[in-house]
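Asks: Taking our numbering, the leading residue of the sequence shown gets 81, the next gets one more, and so forth.
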Amino acid sequence: MKITAARVIVCSPGRNFVTLKIETDEGLTGIGDATLNGRELSVASYLDDHVIPCLIGRDPHQIEDIWQYLYKGAYWRRGPVTMSAIAAVDTALWDIKAKAAGLPLYQLLGGASRTGVMVYGHANGRDTEQTVDEVLRYRDMGYKAIRAQSGVPGLEKVYGVGKSTVFYEPADADLPSEHDWSTEKYLRHTPQLFDQVRAAVGPDIHLLHDVHHRLTPIEAARLGKDLEPFRLFWMEDATPAENQDAFRLIRQHTTTPLAVGEVFNTIWDCKGLIENQLIDYIRTTVVHAGGITHLRRIADLASLYQVRTGSHGATDLSPVCMGAALHFDLWVPNFGIQEYMRHTDETDAVFPHAYTFQDGFMHPGQVPGHGVTIDEAVAAKFPYQRAYLPVNRQQHDGTLWNW
Ligand code: EZ4
Ligand code: CO
Numbered sequence: 081m082k083i084t085a086a087r088v089i090v091c092s093p094g095r096n097f098v099t100l101k102i103e104t105d106e107g108l109t110g111i112g113d114a115t116l117n118g119r120e121l122s123v124a125s126y127l128d129d130h131v132i133p134c135l136i137g138r139d140p141h142q143i144e145d146i147w148q149y150l151y152k153g154a155y156w157r158r159g160p161v162t163m164s165a166i167a168a169v170d171t172a173l174w175d176i177k178a179k180a181a182g183l184p185l186y187q188l189l190g191g192a193s194r195t196g197v198m199v200y201g202h203a204n205g206r207d208t209e210q211t212v213d214e215v216l217r218y219r220d221m222g223y224k225a226i227r228a229q230s231g232v233p234g235l236e237k238v239y240g241v242g243k244s245t246v247f248y249e250p251a252d253a254d255l256p257s258e259h260d261w262s263t264e265k266y267l268r269h270t271p272q273l274f275d276q277v278r279a280a281v282g283p284d285i286h287l288l289h290d291v292h293h294r295l296t297p298i299e300a301a302r303l304g305k306d307l308e309p310f311r312l313f314w315m316e317d318a319t320p321a322e323n324q325d326a327f328r329l330i331r332q333h334t335t336t337p338l339a340v341g342e343v344f345n346t347i348w349d350c351k352g353l354i355e356n357q358l359i360d361y362i363r364t365t366v367v368h369a370g371g372i373t374h375l376r377r378i379a380d381l382a383s384l385y386q387v388r389t390g391s392h393g394a395t396d397l398s399p400v401c402m403g404a405a406l407h408f409d410l411w412v413p414n415f416g417i418q419e420y421m422r423h424t425d426e427t428d429a430v431f432p433h434a435y436t437f438q439d440g441f442m443h444p445g446q447v448p449g450h451g452v453t454i455d456e457a458v459a460a461k462f463p464y465q466r467a468y469l470p471v472n473r474q475q476h477d478g479t480l481w482n483w
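1) Helix, strand or coil: how does DSSP classify His269 here?
2) With Asn356 and Arg158 assumed to form a contact (beta carbons below 8 Å), what rounded beta-carbon distance in angstroms separates them?
3) Could you spell out where the alpha helix (DSSP H) holding His333 opens and where it closes?
4) Per DSSP, which one or two residues make a beta bridge with Asn204?
5) To the nearest angstrom, how far is the alpha carbon of His286 from that of Asp220?
6) Can you tell me the Cβ-Cβ gap for Asp260 and Leu235, rounded? I've got them flagged as a contact below 8 Å.
7) Taking three-plus beta-carbon pairs below 8 Å as touching, is the region 128 to 136 in contact with the region 308 to 317?
8) Report the rounded CA-to-CA distance for Val107 versus Thr84, giving the unit in angstroms.
9) Nearest to Lys179 by CA position, among Ala167, Lys152, Thr109, Val232, is which residue?
10) Can you tell me the Cβ-Cβ gap for Ala301 and Leu273, rounded? I've got them flagged as a contact below 8 Å.
11) Quick check: what's the CA-CA separation for Tyr420 versus Ala434?
12) Would you list the one or two residues that DSSP bridges to Ala85?
13) Compute the beta-carbon to beta-carbon distance between Val366 and Phe408, rounded to the nearest angstrom, for a pair I have assumed lies under 8 Å.
14) Given a threshold of 16 other Cβ atoms within 10 Å of its Cβ, counted over all protein chains shown, does Ala168 qualify as buried or as exposed?
15) Using only the heavy atoms of the ligand EZ4, determine whether one of them is closer than 7 Å to the beta carbon of Leu287.
16) Would you report the Cα separation of Ala405 and Leu469, rounded to the nearest angstrom?
17) CA-CA distance, Tyr464 and Gly341?
18) I need the straight-line Cα distance from Ala181 to Gly449, nearest angstrom please.
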């Protein structure tokens, strides 16, 4: 088999998505997600201008060799743009290989290790009361694990809380919108939020929370300690992780489990955190961390230290990534949990998919390949629209902070 063509499809059914489609001389095609929120066209260009010309004529079965060629062959290694582009190629090639075998992708990885993939949903409210109601609504939808995010008194906009409680889309403006941040207000509010959520939902539902990189290590340590009575499944992105040692300080102070890694793009971003047992869950994804080929390497390293997977699954990761992730999750021995934010009906119409949700668990389906396709005619109705993630500034003096 030979690769005869590859195309980048950019569309915006409510939000932007970049999809790579690879075609072969045997008529088999595969697709991969290349979406990098707020920087979509950079990945599209990387693929169009520098990757696709190198793919034509290659054997699509040589997934590992093509991965190494794109990673080592560029000379310039790593980075979110490069690794998202490599991920798109890798995902499309796994799709083709599984279709050629006539098997759902998880069978090629080693088969199912579990009956379904536990996912967590997002409960958001403008205040504690509404957040508690949302958590109960997610429980009633069947979710076994729920992330709770709430507005904070004195802050106008907070990460995770949007206009609608059903769909959350932070990339909301033609130029970055600006939010105010106050660590003091957030740290005062969050423990009482989880006190009330836990009291309302009882002991059996897993509760999660995303700090979204806003605390310093010592502040994160204090929040982790304050949240211990409410038995969180995890506290996510407690502090930025460029300095992997920062997590040592948090770890020394709290038994609240720690998750990090949605912005990581290679195993090197994870290495110290995993080898030093500073985290409990690694959140790297198919799309931003080099595809299934590289994610498998990260998961294997993590398994040596009893670190489990908990892949990012926000709406800016397309259904193509979600489909591939669910095959990975069904197989990976050290699976922990998978994030799942529902896409809009427009997005689902562009990306018909085989995966299903039932009673808090998802399944990738039995369709050969990863089970997600793109309807290019529908996609063409939704042209690209520039959209940025917000930025954060300290409320008291306007200093730029982590969003
Ligand atoms: O802010 O994917 O856990 N989920 C998250 C996401 C991220 C977005 C950024 O594009 O932190 O909502
Ligand atoms: Co997050």
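Beta carbons: idealized from backbone N, C-alpha and C, even for Gly.
All of these numbers come straight from a predicted model, not from anything done at the bench.
Replies: Inspection of the coordinates gives the following:
1) One-based indexing of the sequence shown puts residue 269 at position 189. His269 falls in the helix class under three-state DSSP.
2) Along the sequence shown, read from residue 1 onward, the residue named residue 356 stands at position 276. Along the sequence shown, read from residue 1 onward, the residue named residue 158 stands at position 78. That belief does not hold up - the Cβ atoms of Asn356 and Arg158 are roughly 21 Å apart, past 8 Å.
3) Along the sequence shown, read from residue 1 onward, the residue named residue 333 stands at position 253. Segment 326 to 333, the alpha helix (DSSP H) holding His333.
4) On the sequence shown, position 124 is the one that residue 204 refers to. BP columns for Asn204 point to Gln229.
5) Taking the first residue of the sequence shown as 1, we reach residue 286 at position 206. Taking the first residue of the sequence shown as 1, we reach residue 220 at position 140. So the two alpha carbons sit approximately 14 Å from each other.
6) Here residue 260 refers to the residue found at position 180 when the sequence shown is read from its first residue. Here residue 235 refers to the residue found at position 155 when the sequence shown is read from its first residue. Between Leu235 and Asp260 the Cβ distance is about 6 Å, and since that is below 8 Å, they are a contact.
7) no
8) As a working mapping, residue 107 is identified with position 27 in the sequence shown. As a working mapping, residue 84 is identified with position 4 in the sequence shown. Reading off the sequence shown, one finds Gly at residue 107, where the question assumed Val. Their backbone Cα atoms lie some 10 Å apart in a straight line.
9) Taking the sequence shown and counting its residues from 1, one reaches residue 179 at position 99. Per the Cα distances, Thr109.
10) What you label residue 301 is simply residue 221 of the sequence shown in a count that begins at 1. What you label residue 273 is simply residue 193 of the sequence shown in a count that begins at 1. Rounded, the Cβ-Cβ distance is 19 Å, inconsistent with contact.
11) Indexing the sequence shown from 1 puts residue 420 at position 340. Indexing the sequence shown from 1 puts residue 434 at position 354. In a straight line, the C-alpha of Tyr420 is about 15 Å away from that of Ala434.
12) Sequence index remark: in the sequence shown, residue 85 carries index 5 (1-based). Bridge partners of Ala85: Glu103.
13) Walking along the sequence shown from the start, residue 366 turns up at place 286. Walking along the sequence shown from the start, residue 408 turns up at place 328. Rounded, the Cβ-Cβ distance is 6 Å, consistent with contact.
14) Taking the first residue of the sequence shown as 1, we reach residue 168 at position 88. That one is buried.
15) Taking the sequence shown and counting its residues from 1, the one referred to as residue 287 is at position 207. No; taking the cut-off as 7 Å, the Cβ of Leu287 has no heavy atom of the ligand EZ4 nearer than that.
16) To locate residue 405, count along the sequence shown from 1; it is residue 325. To locate residue 469, count along the sequence shown from 1; it is residue 389. Going from the Cα of Ala405 to the Cα of Leu469 covers about 24 Å.
17) The count along the sequence shown starts at 1 and reaches residue 464 at position 384. The count along the sequence shown starts at 1 and reaches residue 341 at position 261. Distance between the alpha carbons of Tyr464 and Gly341 is about 28 Å.
18) Here residue 181 is taken as the residue at index 101 of the sequence shown, counted from 1. Here residue 449 is taken as the residue at index 369 of the sequence shown, counted from 1. Each residue's Cα considered, the two are about 9 Å apart.
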